[in-house]
Amino acid sequence: MTILEITGLNKSFGGLQAVQDVGFGVEEHRIKAVIGPNGAGKTTLFNLISGTLPLDSGSVVFRGEEIQGMEPYRIAGRGLARTYQNIKLFPGMTALENVMVGRHTRSRAGFVAGMLNLPGTRGEEKRIREKSLEFLELLEIGHLADIEAGSLAFGQQRAVEFARALAAEPAMLLLDEPAAGLNMNETAEVGRLISKIRDLGITVLLVEHDMSLVMDISDEIVVLSFGQKIAEDLPAAIQQNREVIRIYLGDENA
Amino acid sequence: MKQFLPLAGLAVLLVCVQLLTQWTGTTYYLTQLTMSAYYSVVIIGLCLLMGYAGQISLGHAGFFAIGGYMSAMLTTRNLITFQDQDWMVLLDKIGFLAARQDLYGEAILSFQPWAAAIIAVGLAGVIAFIIGIPVLKLKGHYLAMATLGFGIIVFRVFLASEIFGEADGISEVPGFTLLPGVTVTGSFGARVSNYYIAWTLVVVAMVMLINLINSRVGRALRAIHGAEEAANATGIDTAGYKLKTFVLSAVMAAVAGVFLTHYNGGIGPSEAGVMKSVRYVALVAVGGMANIWGALSMGVILNFLSLRGFFGSYDDAVFGAILIVIMLFAPEGLLRLNLVAKFKKMFSGGSRK
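Chains as they are written, first to last, in this note's numbering: chain A, 1 to 254; chain B, 1001 to 1353.
Structure representation (structure tokens):
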């Protein structure tokens, strides 16, 4: 079953057509990767899907519902979580608190309930804390729970961001360059983690530069170049695709 | 429960201070401590908005004044000439009106303080809501300027309106009887009881804010402060949360305005002035921004000194200077000050955040 269906997506910044008539679908419980050279429009595509950027035209259907034009928080509320290329944790909050924010869509207490701290609210707060700890444990960073997120090592921050996204128990996860800035061991670790996430029943769409990672874990790959989709296929086929080889390695090597 | 231990300490301290003034025959201090308490309700509300949600307001004196002025106007305006009109009969039926006599024995028919307070605070909340929707889309300096503009408008409206007493403000505001025998009034015999009324309000406000800060909403506000885009993508209705926080802090300011106006028996345009708003911001900053206890303690201490005339005619200048010094030396607030390190950094030629 298709969980995400993108059709005819367009976005330009001034004279630059960052995303041009891009369309593809993502099957449930799969890992799909979006690759392409720098400036191909991958992150812009993610921002259009998650609602961070308004799109010029096209449609994004998530779980059977058109979500284009919705505010990001509404899209998140429908089960789409994301991470960022340049990690965006909440500074001044501990790792655990960051993940607890991730439970926002799975909890309800509002201003009045918060101010009065009713028994029901206390119970919910306790469950938020327990669940969040579980997600930290899942990422094997439970021991970092009480450390301020901003003071963690880069790889650990990435893990906290993963945990925050997973804490929402999303149906689908958008990962924007999850291996950026990581060394080979850490990258392999992230690869295992992404497969684990898929096995939890979460569909993954990722943008990634690290080819070995993409080829290892992806079920399907979309290739973007200058804002256009130039290929969509299985990893093995993408590796043989002349057009893809050309844009990655240049004309002489084709 | 751990977070409420300091509140128990505060309660003990309050009783000790009151007993001390009684033994030493200095109960006149209680008057300024009562007024400081009401101002600190504005300050802790603003602390939630600035320190936690990260949204500045240079217009909070405006909300304080809307509460105070509306309550003063409604409880002093003599409506006796309208008493036969249908709407007056209706207001009387629902218990919104009170008849009394003024100092000269003239019959006065005006709003009940309860009704006036509800209308005043409700109006402040509605105005905050309407202003907040467009204004909170702005960030940083632009938000500061827009709220400053709002504060100036409120100030000029009160100063220019005949119904609000122009430059004289409104006086002879009656006491506000909260419960039988518990009246917010500045009359001489009620000094001790009013000290406790004011501080009870502070403690109640503190309990609610501490609860809120430690709740799902408090976490969401800190998330918005830290990384708004990520907060939104995490499922937080950032615009809605900012607006609700703005309205909540405006309502707290208006409640303080209502109480202090009944306590003082009047209100003047200086309460709506821009310098008052700057003072509130300065006090939240001295307290350490995201530090509600810092805001409360600094608010009470500095307002108390100011009301005792400690800063003389340089009063406003002192608060302006405090703001500059805090921003330079202790942007984290006085309570987290590491002066030696700051001085070293300052003179080492490096740039500061």
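Heads up, the beta-carbon is just placed ideally off N, CA and C, and yes, glycines get one too.
- DSSP, read as helix, strand or coil, puts GLY1226(B) in helix.
- Distances from the alpha-carbon of SER212(A) to those of ASN38(A), PRO235(A), ALA231(A) put PRO235(A) closest.
- The region 70–156 of chain A contains, as complete alpha helix (DSSP H) runs of 4+ residues, the segments 72–77, 95–102, 111–116, 119–138 (chain order).
- Judged by their CB atoms, TYR1052(B) and LEU1221(B) are nearer to each other than the 7 angstroms cut-off.
- Between the C-alpha atoms of LEU1007(B) and VAL1203(B) there is a straight-line separation of about 7 angstroms.
- Straight through space, the alpha carbons of HIS1060(B) and GLN1022(B) are spaced by roughly 35 angstroms.
- Residues of chain A whose Cβ lies closer than 7 angstroms to the Cβ of LYS1244(B) are, in chain order, PHE111.
- DSSP, reduced to helix, strand and coil, places MET172(A) within a strand of the structure shown.
- Nearest Cα to LEU139(A) within the set GLU186(A), ARG246(A), LEU224(A): GLU186(A).
- For LEU1302(B), the uninterrupted alpha helix (DSSP H) run begins and ends at 1292–1307, by DSSP.
- In this structure, the straight-line span from the alpha carbon of PRO178(A) to that of ALA1144(B) is close to 37 angstroms.
- Between GLY114(A) and SER1215(B) a beta carbon distance of about 3 angstroms is seen, short of the 8 angstroms cut, so the two are scored as contacting.
- Counting C-beta pairs closer than 8 angstroms gives three or more between the region 1060–1074 of chain B and the region 1273–1283 of chain B, which meets the contact rule.
- Annotation: Cβ neighbours of GLU97(A) in chain B (cutoff 9 angstroms, chain order): ARG1219, ARG1222, ALA1223.
- ALA145(A) and ALA81(A) have their C-alpha atoms roughly 21 angstroms apart.
- In the DSSP secondary-structure assignment, ASP233(A) is bridged to ILE221(A).
- HIS1262(B) and VAL1184(B) have their C-alpha atoms spaced approximately 6 angstroms apart.
- Residue contact check for LEU1212(B) against chain A: a CB pair falls below 7 angstroms.
- Between the region 102–116 of chain A and the region 1235–1253 of chain B there are three or more inter-stretch CB-CB distances shorter than 8 angstroms, so the stretches are counted as touching.
- LEU1159(B) and ILE1119(B) have their C-alpha atoms some 21 angstroms from each other.
- Close to chain B, meaning a Cβ-Cβ distance shorter than 9 angstroms, are the following residues of the region 101–125 of chain A: VAL101, GLY102, ARG103, HIS104, THR105, ARG106, SER107, ARG108, ALA109, GLY110, PHE111, ALA113, GLY114, MET115, LEU116, ASN117, THR121, GLU124, GLU125.
- The three-state secondary structure of ASN38(A), taken from DSSP, is coil.
- Membership of ASN185(A) in the alpha helix (DSSP H) is indicated by the continuous run 184–199.
- Taking the Cα positions, SER1171(B) is about 14 angstroms away from ALA1065(B).
- Here LYS1137(B) carries a coil assignment [DSSP, helix/strand/coil].
- The Cβ neighbour count for CYS1016(B), taken over all protein chains shown within 10 Å, is under 16; the residue is labelled exposed.
- Per DSSP, the unbroken beta strand (DSSP E) holding THR203(A) starts and ends at 203–207.
- Here GLY25(A) is bridged, per DSSP, to GLU5(A).
- Counting along the chain, no beta strand (DSSP E) covers VAL1255(B); the unbroken alpha helix (DSSP H) around it starts and ends at 1238–1264.
- In this chain, ALA1008(B) is not harboured by any beta strand (DSSP E); it is covered by the alpha helix (DSSP H) spanning 1005–1023.
- When DSSP states are grouped into helix, strand and coil, SER1215(B) belongs to the coil group.
- Take the alpha-carbon of ALA1198(B) and the one of GLY1299(B): they are about 14 angstroms apart.
- Looking at ALA171(A), MET215(A), LEU166(A), GLY64(A), the one whose alpha-carbon comes closest to that of HIS29(A) is ALA171(A).
- When the Cα atoms are used, ILE202(A) and ILE1094(B) turn out to be separated by approximately 58 angstroms.
- By the CB criterion at 7 angstroms, GLY51(A) and PRO37(A) fall outside the cutoff.
- Exclusion of the five residues before and after GLY1054(B) leaves HIS1225 as the residues of its chain whose Cβ lies within less than 6 angstroms of its Cβ.
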